[in-house]
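Trainee: The opening position of the sequence shown corresponds to residue 2 in my numbering, with each subsequent residue numbered one higher.
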Amino acid sequence: MKKFWIFALTLALAATAACGKPAGTGETTTTGSAATEEATTTAKAEKTVLRVGASVTPHAEILAQVKDTLAEQGIELEIVEFADYVLPNTALEEGELDANYFQHKPYLEKFNVDHSTHLVAVGDIHYEPMGIYVGKTATLDALPDGAVISVPNDGTNEARALLLLEAQGIIKLKEGAGLGATKIDIVENPKNVDIKELEAAQLGLSLQDVDLAVINANYAIQAGLKPSTDALARESADSEALTYANAIVVKEGSEQNPAVLALLDALRSDAIKQFINEQYAGAVIPVE
């Protein structure tokens, strides 16, 4: 009987050993799969998504040129396009964006005051000389009495347009009006021109209805105009145009965001400066 139990126990141990090997193999497979899944999850966690709001032209086009550069650094650049000058800032203030790229600092400063937002510029990228474009009147010299001239209706861009008209001798502004000027600051208007304030995006569409229009370069490009050749007059590159350099803007507290700093470096590279110069032929000028 004792020999029988020893024999039975030996068979049981052998069977357990035989079953144990496949079980061990299965366990190794499961562990390997889990490790792969964990590595994938970790890789996804390490990738940073950077949401940047931008005007379609030229800002979104310029941003698209640095997507691959940022991807190499583990940053996925998501470009969110806007057609106006208000929503990109409200979206940034509300945390829907990490940064935006469409505006100059004078506009930003006024926007913060008017809307109680907390946005800051972290780096200039380019500027776009504003220009005067032909509507019903072909030249500045042919401008008739009572001519209608459309200008942007947003803060500093209206002042900028009026200053350009003043530089051409069409109007004269009250002394010290500066970047806060509106049409009520016109003190001399020898041809009694009618200044028509429109949303910036509508200026290109207004050309058939006005004598002249003063248009931001990005909207001039979208309207099919070539600022370097079509503008009757433009802000001089050696004037205060650099005051209006378009910047990367973030919400206060995000100035040192590594992904934003990487974006700045990419946008200021020689490759992007070359792209801007070749693509926009003087309508958009990189900040040196």
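Ideal Cβ placement from N, Cα and C applies to all residues, glycine included.
Report the rounded CA-to-CA distance for Thr244 versus His105, giving the unit in angstroms.
Mentor: 8 Å
Trainee: Suppose you measure from the CA of Leu141 to the CA of Asn278; what does that come to, to the nearest Å?
Mentor: In a straight line, the C-alpha of Leu141 is about 28 Å away from that of Asn278.
Trainee: Taking C-alpha atoms, which residue in Gln275, Gly254, Ser270 lies nearest to Val123?
Mentor: Gly254
Trainee: Does Glu189 come out as helix, strand or coil in the three-state DSSP assignment?
Mentor: DSSP places Glu189 within a strand segment (E or B) once states are collapsed to three.
Trainee: Do Ala100 and Val261 have their C-beta atoms closer together than 9 Å?
Mentor: yes
Trainee: Quick check: the Cα distance between Leu179 and Ala160, rounded to an integer number of angstroms?
Mentor: Here residue 179 turns out to be Gly, not Leu, going by the sequence shown. Computed Cα separation, rounded: 7 Å.
Trainee: Please work out which residues of its chain come closer than 8 Å, Cβ to Cβ, to Ala282, disregarding the five sequence neighbours upstream and downstream, and give them in chain order.
Mentor: Lys227, Ser229
Trainee: Can you pull the DSSP bridge partners for Thr49?
Mentor: Ile76
Trainee: DSSP has Val251 in a bridge; who is on the other side?
Mentor: Val121
Trainee: Which partner residues does Asn101 have in the DSSP bridge list?
Mentor: Gly54, Val250
Trainee: Determine the closest residue to Ala214 out of Gly75, Tyr128, Leu163, Asp125, with distance taken between C-alpha atoms.
Mentor: Leu163
Trainee: Could you check where the alpha helix (DSSP H) with Ile63 kicks off and where it finishes?
Mentor: 62 to 65
Trainee: In or out: His60 buried (at least 16 other Cβ within 10 Å) or exposed?
Mentor: buried
Trainee: Just the Cα atoms here: how many angstroms apart are Ser207 and Ser151?
Mentor: 7 Å
Trainee: Write down every uninterrupted run of the alpha helix (DSSP H) in the segment 198 to 274 whose length is 4 residues or greater and which is fully enclosed by it, in chain order.
Mentor: Scanning the segment 198 to 274 from its first residue to its last, the whole alpha helix (DSSP H) runs of 4-plus residues come out as 218 to 223, 228 to 231, 259 to 268.
Trainee: What is the C-beta distance between Leu109 and Val250, in whole angstroms, given that I count them as a contact (C-beta under 8 Å)?
Mentor: Contact check for Leu109 and Val250: beta-carbon distance about 6 Å, within the 8 Å limit, so the pair qualifies.
Trainee: Are the beta-carbon atoms belonging to Leu98 and Gly54 less than 9 Å from one another?
Mentor: yes
Trainee: Out of Lys48, Ile172, Ala202, state which residue places its alpha-carbon closest to the alpha-carbon of Phe83.
Mentor: Ala202
Trainee: On the three-state DSSP scale, how would you describe Tyr108?
Mentor: helix
Trainee: DSSP state of Lys173, grouped into three classes?
Mentor: If DSSP states are grouped into helix, strand and coil, Lys173 belongs with the strands.
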